[in-house]
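**Q** Sending over a structure as structure tokens; questions will come in a sec.
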Amino acid sequence: MKKFNIPEWAYEFHGHKCPFMPIGFRMGKLAMEKLGVSQSLNHEMHVFSEMGIAHPQGCMQDGIMASTGATFGKGMIEKLYYGKVAATFWYPSKGAVRIFLKNEFADKLTPHEFFKYRKQGVEPSEIPEDVRQDIINMVLIASEKELFTVKMLPDFDYKPVKGSFLKSKCEQCGEYVFERYLRVREGKKVCIPCSEHNNSEVTMPRPK
Ligand SMILES: [Zn+2]
Ligand SMILES: [Zn+2]
Numbered sequence: 000m001k002k003f004n005i006p007e008w009a010y011e012f013h014g015h016k017c018p019f020m021p022i023g024f025r026m027g028k029l030a031m032e033k034l035g036v037s038q039s040l041n042h043e044m045h046v047f048s049e050m051g052i053a054h055p056q057g058c059m060q061d062g063i064m065a066s067t068g069a070t071f072g073k074g075m076i077e078k079l080y081y082g083k084v085a086a087t088f089w090y091p092s093k094g095a096v097r098i099f100l101k102n103e104f105a106d107k108l109t110p111h112e113f114f115k116y117r118k119q120g121v122e123p124s125e126i127p128e129d130v131r132q133d134i135i136n137m138v139l140i141a142s143e144k145e146l147f148t149v150k151m152l153p154d155f156d157y158k159p160v161k162g163s164f165l166k167s168k169c170e171q172c173g174e175y176v177f178e179r180y181l182r183v184r185e186g187k188k189v190c191i192p193c194s195e196h197n198n199s200e201v202t203m204p205r206p207k
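The sequence shown begins at 0 in numbering that gives the first Met the number 0 and counts up by one.
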């Protein structure tokens, strides 16, 4: 049986061994294959992850970043908050592809002992190594057909925001701000925190 190989550094980057980082890694690899591209060195691949917040499956996004090079830091991955294990990958002049983790494969993973620990609140790094390796192996030996629904999106249109080096000083706190984020308050160009607070207020995130 052919076993997919995940480089050790990807696990190190992610921090623990779980099944979803490898799922994302494989998603990214498959997307690059479908679009005929290799790992992005700069600002090529854009990823629209359908993940929301607080799902354990969110780990897949670290796998996607690791394999495609479309990282958070480079501003190449965005979240759509649909709560699905899916993502659309867009590469300039190559097109776009959406990859979804099949329900059948998700159902195959669900009864695994790994999730019994997770549901008791045990963090992945605290789960016995053999349990983790076993569920990861399920991901590594699965075929692409077993794992994913793949759909090419010929009509997908996207215009990335142009990169900008333009910055100015906030007229209140004096800190540099990229111009896109300057606001006008009482005739002064100010940063967002200064636009929302008076001088007398402590500039801190307000509790919700
Ligand atoms: Zn994880
Ligand atoms: Zn300011």
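Positions of the beta carbon are idealized from the N, C-alpha and C atoms, including for glycine.
Since the structure is predicted, the reported quantities are computational estimates derived from the model, not experimental observations.
Could you tell me if the beta carbon of residue 20 falls within a distance shorter than 8 Å of some heavy atom in ligand 1?
**A** Along the sequence shown, one-based indexing puts residue 20 at 21. At least one heavy atom of ligand 1 is nearer than 8 Å to the Cβ of residue 20, so yes.
**Q** Within the same chain, show all residues whose beta-carbon is closer than 8 Å to that of residue 168, passing over the 5 residues directly before and after it, in chain order.
**A** Indexing the sequence shown from 1 puts residue 168 at position 169. Same-chain partners within the cutoff: 174, 175 and 176.
**Q** In whole angstroms, what is the alpha-carbon distance linking residue 150 and residue 14?
**A** In the sequence shown, the residue the question calls residue 150 occupies position 151. In the sequence shown, the residue the question calls residue 14 occupies position 15. When rounded, the distance between both Cα atoms is 31 Å.
**Q** Residue 113 to residue 104, Cα distance in whole Å?
**A** Taking the first residue of the sequence shown as position 1, residue 113 is located at position 114. Taking the first residue of the sequence shown as position 1, residue 104 is located at position 105. Those two C-alpha atoms are separated by around 15 Å.
**Q** From the DSSP output, in three-state form, read off residue 200 for me.
**A** As a working note, residue 200 is residue 201 in the sequence shown. Per-residue confidence for residue 200 stands at a pLDDT of 48, beneath the threshold of 50, marking its modelled position as unreliable; the derived number appears in the next sentence. Of the three classes helix, strand and coil, the one that applies to residue 200 here is coil, per DSSP.
**Q** For residue 85, which of helix, strand or coil comes out of DSSP?
**A** Position 86 of the sequence shown, counted from the first residue, corresponds to residue 85. DSSP places residue 85 in strand when its eight states are reduced to three.
**Q** If you drop the 5 nearest sequence neighbours on each side, which residues of the same chain put their C-beta closer than 7 Å to that of residue 2?
**A** Along the sequence shown, one-based indexing puts residue 2 at 3. So the list reads 139 and 140, once near-sequence residues are dropped.
**Q** Would you kindly work out how many angstroms separate the C-alpha atoms of residue 21 and residue 59, rounded to a whole number?
**A** Translated into positions along the sequence shown, residue 21 becomes position 22. Translated into positions along the sequence shown, residue 59 becomes position 60. Each residue's alpha carbon lies about 7 Å from the other.
**Q** Using a Cβ-Cβ cut-off of 8 Å (strictly less than) and excluding sequence neighbours within five positions of residue 137, which residues of its own chain qualify?
**A** Along the sequence shown, read from residue 1 onward, the residue named residue 137 stands at position 138. Cβ within range, chain order: 18, 107, 108 and 111.
**Q** Would you say residue 100 lies against chain D (beta-carbon separation less than 9 Å)?
**A** Absent here is chain D; the protein component of the structure consists of one chain.
**Q** Is any heavy atom of ligand 1 found at a distance shorter than 8 Å from the C-beta of residue 13?
**A** Your numbering for residue 13 matches position 14 in the sequence shown. Correct: residue 13 has its Cβ closer than 8 Å to ligand 1.
**Q** Using 8 Å as the cut-off, can you tell me whether the stretch 34-47 makes contact with the stretch 64-79, which would need three or more C-beta pairs spanning the two stretches below that distance?
**A** Yes, the stretch 34-47 is in contact with the stretch 64-79.
**Q** Sorted by chain position, which residues of the same chain lie with C-beta nearer than 7 Å to residue 90's C-beta, five sequence neighbours on each side aside?
**A** As a working note, residue 90 is residue 91 in the sequence shown. Only 34, 36, 43 and 44 meet the Cβ criterion.
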